[in-house]
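Asks: Could you have a look at this structure, given as structure tokens, before my questions?
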């Protein structure tokens, strides 16, 4: 008996990883890219965003929203 169903092979990797080679190709063409796909941004976080994040944490808005979005 198999441990996993055959359909498990239909699961793909995170799409954010697929964009890496496209980003690299554009950079090699000399294009300036602001990377927001994975990990840390390549620029400092603006202070007004940091303050809003702190405010939202104090309001206990730290959970995922509904996948359908906010109203």
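Numbering (the working numbering), first residue to last: 74 to 144.
Even for Gly, the Cβ is constructed at its ideal location relative to N, Cα and C.
Just so it is clear, the structure is predicted and the values come from calculations on it, not from any experiment.
#1: Please list the terminal residues of the continuous alpha helix (DSSP H) segment that includes residue 112.
#2: Judging by CA-CA distance, which residue of 97, 132, 90 is the nearest neighbour of residue 112?
#3: Can the beta-carbon of residue 84 be found less than 7 Å from the beta-carbon of residue 96?
#4: My output table needs one value for residue 103: the three-state DSSP class, helix, strand or coil.
#5: Mapping the DSSP letters down to three states, classify residue 75 as helix, strand or coil.
Replies: On the basis of the coordinates in this document:
#1: Segment: none, residue 112 is in no alpha helix (DSSP H) and carries neither H nor E.
#2: Sorting 97, 132, 90 by C-alpha distance to the C-alpha of residue 112 places 90 at the top.
#3: Contact: no.
#4: Coil, per DSSP.
#5: Here residue 75 carries a coil assignment [DSSP, helix/strand/coil].
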